[in-house]
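Down below is the structure, laid out as structure tokens.
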Amino acid sequence: MKNNNLDKEKRTGNYIRLGIQVFVCITIVIFVLIFWKTLDEESWFQIKQVNYFYLVLALLSSALAWFFDGLIILIFATALGYKLPVMFCTGVNLANIFVSTVTPFQSGGAPLQIYMLNKNGISI
Numbered sequence: 052m053k054n055n056n057l058d059k060e061k062r063t064g065n066y067i068r069l070g071i072q073v074f075v076c077i078t079i080v081i082f083v084l085i086f087w088k089t090l091d092e093e094s095w096f097q098i099k100q101v102n103y104f105y106l107v108l109a110l111l112s113s114a115l116a117w118f119f120d121g122l123i124i125l126i127f128a129t130a131l132g133y134k135l136p137v138m139f140c141t142g143v144n145l146a147n148i149f150v151s152t153v154t155p156f157q158s159g160g161a162p163l164q165i166y167m168l169n170k171n172g173i174s175i
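Be aware that the sequence shown starts at 52, since it is given in the numbering used here, and climbs by one per residue.
What follows is the structure, encoded as structure tokens:
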């Protein structure tokens, strides 16, 4: 019985990886098509004028905000006596952000966060 559950979890993980790969491929294709159909010479000129320092600074700021939001989850979990990896807490935060973004009224993020934390040993 235990072997069957492990096989099911492995298949689920494989389906998730496949789904992410398909999503990334479709996103790249759509991104390229949109740019190919809509960009003209003026657009390329403006893109070349981008100050990459500020672009990198914005990306780093976003990554740091995600990390510190995950750190908040870690601090609360530690205060309650649970040990969780920092990257797991950051992943919980990113899942919360994503699901909140794609559900009406941002109603899906908190239940997903509770589910993920509960699945990893934190009681409700």
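Where a beta carbon is used, it is the ideal one built from N, C-alpha and C, also for glycine. Values in this document were obtained by computation on a predicted structure and should not be read as measured data.
Can you tell me whether residue i is helix, strand or coil according to DSSP?
i	result
ILE173	coil
PRO136	coil
THR129	helix
ASN147	helix
GLN100	coil
LEU90	coil
GLY70	helix
SER113	helix
What's the gap between the Cα of residue i and the Cα of residue j?
i	j	result
ALA128	VAL143	12 Å
GLY70	PRO136	25 Å
THR78	GLN72	10 Å
ASN65	VAL107	33 Å
PHE96	SER174	55 Å
ASN102	ASN169	44 Å
THR152	PHE104	28 Å
LYS99	LEU90	13 Å
LYS134	VAL75	32 Å
ARG68	SER94	35 Å
GLU92	TYR166	49 Å
LEU145	ALA130	21 Å
ALA114	GLN164	19 Å
I believe residue i touches residue j by the beta-carbon criterion, under 8 Å. Please report the beta-carbon distance rounded to the nearest angstrom.
i	j	result
CYS140	GLY160	With a Cβ gap of about 15 Å, CYS140 and GLY160 do not count as contacting.
Practice prompt. Tell me, please, whether the segment 80 to 87 touches the segment 108 to 122 by the rule of three or more beta-carbon pairs shorter than 8 Å.
Written response: no
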